[in-house]
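A.B. asks: Note that this note's numbering has the sequence shown beginning at 55, numbered continuously upward.
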Amino acid sequence: MIGWPGFARGGLALALALLAGCAALAPPVPAAGPVLAGRMALRVEGQPERSLSAGFELQGNPQQGELRLSGPLGTTAAQARWSGGQAVLASAGNLTVYPDLDALAAAALGEPLPMAALFDWLQGRPWPGAPSSARDDAQPGFDQLGWRISLRQWSEGLLEAQRLAPPVVTVRIRLDPAS
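1. Please state the DSSP three-state secondary structure of residue 97.
2. What's the gap between the Cα of residue 120 and the Cα of residue 136?
3. Kindly indicate the opening and closing residues of the alpha helix (DSSP H) around residue 146.
4. Reducing DSSP to helix, strand and coil, say where residue 165 ends up.
5. Ignore the nearest five residues each way along the sequence and tell me which others in residue 193's own chain have a CB closer than 7 Å to its CB.
6. Is it right to say residue 101 is buried, meaning 16 or more other beta carbons lie within 10 angstroms of its own, or is it exposed?
7. Mapping DSSP to helix, strand and coil, what is residue 117?
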């Protein structure tokens, strides 16, 4: 497993190239749900140029919310908002509208991520919208939607989700202690 420094090399440059810029979005709509913040890293096996690492702040729920990604100096590199059946990404000085949060994530990250499930996974639990099962390797966590969720380091605020189908995608999220 590549550690956090391995993700940072080159990955942040890709993230900033894909998601760079900061455009004004519509005024924020108050979003229900907790505010979660920390660092995230995404790695696509065999494709290091598609890896990324960024700080994040996530507020809301799958129906309505906001996600900010930040670069190494804390500046906003990208911002997404979603509600009412659409998602908007501020990227490279432009606004792009997507039909939903999953489509936005797939376009921005290059791989589909189960965004509705991610909100529950970040709480250390399976998403109630799909079947889940205990891991078959006796490690803490669960399998859901073709992803293996590791809660082995949950007490330190670390979640790891790995898509088992090729290309294998690994998402590591370290939540800030206040989250």
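Ideal placement from N, C-alpha and C gives every residue a C-beta, glycine not left out. What you are looking at is a predicted structure, and each value in this text was computed from that prediction instead of being measured.
C.D. replies: By the coordinates alone:
1. strand
2. 7 Å
3. Counting along the chain, residue 146 falls outside any alpha helix (DSSP H), and DSSP gives it neither H nor E.
4. coil
5. 204 and 206
6. exposed
7. coil
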